[in-house]
Every structure is written in structure tokens, then in C-alpha cells.
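K.L.:
Could you have a look at this structure, given as C-alpha cells, before my questions?
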């Protein structure tokens, strides 16, 4: 394994420097995002708008995986490139500038960059590995490390772009067509049988579970307390929990802890395209630190978010000033700063009660 990585670093980890680079004269930019997760992907909608504000005639592309439908829905990218050998070959030497936001070195990216061969490459913060690091890899022209105390949405402003341009601070925005929202309305209707003459309903989407590996989730007992104390005895309020890894077990526990008269259901599995529309169909979104929180902000939905005390400065929700939002942080008494538990639920109850009334 060591020898193979040494060979890969030698063959693919070097690049001829671009000596005539002019940031004022850019016609095409290809973005490699942080990753394919929903929250990571949404931030790049803001980057795209910032870049278009300084390059009105820019050809803008982005590499995509399972996040492809999000980038399609945004209408911000001229080209969306699947991450595979064939597509890299088709795009050989077709891009003037590559913005590589990935925070680690890896073999597939090194090979991809050699095939793509952009004129200029800008990397940001790359975590050194034993065989791939700043000593062995030089396939870039500029390195612009992230400010560790600044929100991720500011990365272009704190990079070389900020030295040349007065970039506007933009938060991600997303609009889902009504025709797509109408397609997911049966999800609500199938789970909840309501009187025909009820009138307008209030739809609340729950996303209490985030990254499973990091064990990000609001304890079912705390979420149940919020719902029990906030929701009136009303048949017009529908509460739908999004489907993810481990959601069946979580939902079963939550259901047992909630009042019997609360209309609570679990969504079936959805595609990303369907989940974007499902979130857009909600009137209020309640979520733990996750992609759904950032999606709610982009959709300008009233949001109740739950965060651990760790890493808030770089990933706090970017809500619209005119959209109701309350961020609840975990207790300072938690021994683990990344724990998402022991929230001041009374604050959440007050906020949600106000939104419902």
C-alpha cells in the first residue's frame, strides 16, 4: 500500500504552475464540493451566487454524486459532472479554474485532477495524511486555508478572491417548483386521515436525527416533551418525521412518549429530489444539526434547530432575517461538547407555541 501511494503521488500529485493567472479574467470555473452530504452541498449554492456576482458571463460547473438533484434544482450551474473516469475524460482541459473545497487528499481526486488538467487549481484546507500531504502533493497553484473561526459560507471571502473582489455575503437559497411539491403531498395525506371540512392544515417536518456516526440526535424524550407541551389538541396539525438510518426505532420510541392525540407519522424512504420537495411542503421544520437544518434555511422555512456546543461558529444555521428561527444549544453541563442532549426544552416550547398560535 505504501509503494502504491508513493507512485500515485509521483504520477498524479504534481502540476505545472500557471504563471499567467489573472483572477480578473476568468471564463470557466469547476467546483469540487466539500462532500456529497446535503448540508455540505447547500453551502455551494452561496459560492455559486458569489462567483456569478463577479463573473456575470461565467461558465460554472460542479462535480456531483448523490447530491446531483440539489444542484439541478438550484439552476445555478451550467454543467454538473458525475464523478467518474468517463466524465473526467470528457472535461479534459476544458476548465480554466478548479476550486477544490475537499478537506482531505485521496487517490480518486488526485487521479481526477490529472485527467481534468485545469489551467489553475485553488485548494483550501487539506488535512495532511502520511503519504498525501503538502510535502508530497503539489498539484495546485494557490492554497487558501479556511479561517477556523469563520462560518464555512465565508470561505471565498477569506480566500484569494477576497483580496481582489468585494464579495457579497450570500446565504444559500433554494426554490422548489409547486409541481414538485404537489407530487409529495400524498405522503402527508396517506399518513393522516383528516375530516374533509377541516380547512387548512399545519404541516411540521421533524428531522431529529443527523449524522449517525457522530450520534447526532435529539433524545426522543426531549422531542416528545416539546411536542406534548407545544401542540394543542387539534386535528389540523400534522407532524411528519423524515426517514433516515435508524428512524424506525427512534420513531417507535417517540410515538410511545407522545400524547395519543398528536398526529405523528413516519415518512417512507424518499429520494433526494422527493425530500427537497417534502421539506418545501412543510410549514415548520424542527431538526438537529444536519443537512435538513440548512435546507430549511435555504427554503426560508420557520426553523427550530438543536445544536451541540461544539463547532457552532463554522456551521450555525444561515436563516433569512425575515424568517422565524430559534437555535437551541445543548446544556453547558454536558461532559461531551458534541453531545446533542439536555436542551432547554422550555425555550423551544415557547417558540413553537408562538408559531402555531
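Residue numbers (our numbering): 69 to 425.
Every residue, glycine too, gets a C-beta built ideally from N, C-alpha and C.
1. Which ranges does the alpha helix (DSSP H) cover as unbroken runs of at least 4 residues, wholly within the stretch 153-187, from first to last along the chain?
2. Closest by CA to residue 347, which one among 208, 275 and 77?
3. For the alpha helix (DSSP H) containing residue 112, list its first residue and its last residue.
4. Given a threshold of 16 other Cβ atoms within 10 Å of its Cβ, counted over all protein chains shown, does residue 181 qualify as buried or as exposed?
5. Per DSSP, which residues does residue 301 bridge with? Please list them.
6. Relative to the C-alpha of residue 267, which candidate in 309, 159, 73 and 302 has its C-alpha closest?
7. In whole angstroms, give me the CA-to-CA distance for residue 298 and residue 280.
8. Using a threshold of 7 Å, state whether the C-beta atoms of residue 326 and residue 295 are closer than that.
9. Rounded to the nearest angstrom, what separates residue 198 and residue 177 at their Cα positions?
10. Take residue 103 as the anchor and find which of 341, 256, 350 and 139 has the nearest alpha-carbon.
11. For residue 210, which residues of its own chain have a beta-carbon under 6 Å away from its beta-carbon, when the five flanking residues on both sides are left out?
12. If I follow the unbroken beta strand (DSSP E) through residue 393, where does it start and stop?
13. Quick check on DSSP: helix, strand or coil for residue 231?
14. Could you please give the first and the last residue of the uninterrupted beta strand (DSSP E) stretch that includes residue 147?
15. From the DSSP secondary-structure annotation, give me the bridge partner or partners of residue 253.
16. According to DSSP, is residue 275 helix, strand or coil?
17. Please go through the stretch 304-385 and give each complete beta strand (DSSP E) segment of 3 or more residues, from N-terminal end onward.
18. Looking at the structure shown, is residue 100 part of a helix, part of a strand, or coil, going by DSSP?
19. Could you tell me how far apart the beta carbons of residue 156 and residue 183 are, in whole angstroms, since I believe they sit closer than 8 Å?
20. Taking C-alpha atoms, which residue in 401, 282, 379 and 370 lies nearest to residue 390?
21. Cα separation between residue 321 and residue 96?
22. Could you tell me if the beta carbon of residue 102 falls within a distance shorter than 6 Å of some heavy atom in the ligand GTP?
P.N.:
According to the data block:
1. Runs of the alpha helix (DSSP H) inside the stretch 153-187: 153-158 and 175-184.
2. Sequence index remark: in the chain shown, residue 347 carries index 279 (1-based). For the residues 208, 275 and 77, the minimum Cα distance to residue 347 belongs to 275.
3. To locate residue 112, count along the chain shown from 1; it is residue 44. Here the alpha helix (DSSP H) through residue 112 covers 106-122.
4. By 1-based counting over the chain shown, the position of residue 181 is 113. Burial check for residue 181: the Cβ neighbour count within 10 Å reaches 16 or more, so the residue is buried.
5. Along the chain shown, one-based indexing puts residue 301 at 233. Per DSSP, none; premise fails for residue 301.
6. Locating residue 267 in the chain shown gives position 199, counting from the first residue. Taking the Cα of residue 267 as reference, the smallest distance to any Cα among 309, 159, 73 and 302 is reached at 302.
7. For the purposes of this step, residue 298 is taken as the residue at position 230 of the chain shown. For the purposes of this step, residue 280 is taken as the residue at position 212 of the chain shown. Their backbone Cα atoms lie some 27 Å apart in a straight line.
8. Indexing the chain shown from 1 puts residue 326 at position 258. Indexing the chain shown from 1 puts residue 295 at position 227. Less than 7 Å divides the Cβ of residue 326 from the Cβ of residue 295.
9. Translated into the one-based positions of the chain shown, residue 198 becomes position 130. Translated into the one-based positions of the chain shown, residue 177 becomes position 109. The straight-line gap from Cα to Cα measures roughly 16 Å.
10. Within the chain shown, numbered from 1, the residue matching residue 103 stands at position 35. When each option's Cα is compared against that of residue 103, the closest is 139.
11. Position 142 of the chain shown, counting from 1, holds the residue named residue 210. Excluding residues within five positions, the ones whose Cβ falls inside 6 Å are 190 and 228.
12. As a working note, residue 393 is residue 325 in the chain shown. It spans 393-397 - the beta strand (DSSP E) in which residue 393 sits, taken as one unbroken run.
13. Here residue 231 refers to the residue found at position 163 when the chain shown is read from its first residue. Under the three-state reduction of DSSP output, residue 231 falls in the helix class.
14. Taking the chain shown and counting its residues from 1, the one referred to as residue 147 is at position 79. Its beta strand (DSSP E) spans residues 147-150.
15. For this step, residue 253 is matched to residue 185 along the chain shown. Secondary-structure assignment with DSSP links residue 253 through no beta bridge to anything.
16. As a working note, residue 275 is residue 207 in the chain shown. Of the three classes helix, strand and coil, the one that applies to residue 275 here is strand, per DSSP.
17. 305-309, 331-334, 352-356 and 371-375, all fully within the stretch 304-385.
18. Taking the chain shown and counting its residues from 1, the one referred to as residue 100 is at position 32. Here residue 100 sits in strand by DSSP.
19. Taking the first residue of the chain shown as position 1, residue 156 is located at position 88. Taking the first residue of the chain shown as position 1, residue 183 is located at position 115. Their Cβ separation, rounded to whole angstroms, is 4 Å, which keeps residue 156 and residue 183 in contact under 8 Å.
20. As a first step, residue 390 is located in the chain shown; it is residue number 322 there, counting from the start. Of 401, 282, 379 and 370, the residue nearest in Cα terms is 370.
21. Indexing the chain shown from 1 puts residue 321 at position 253. Indexing the chain shown from 1 puts residue 96 at position 28. Between residue 321 and residue 96, the C-alpha separation is close to 51 Å.
22. With respect to the ligand GTP, the structure offers nothing, as it holds no ligand at all.
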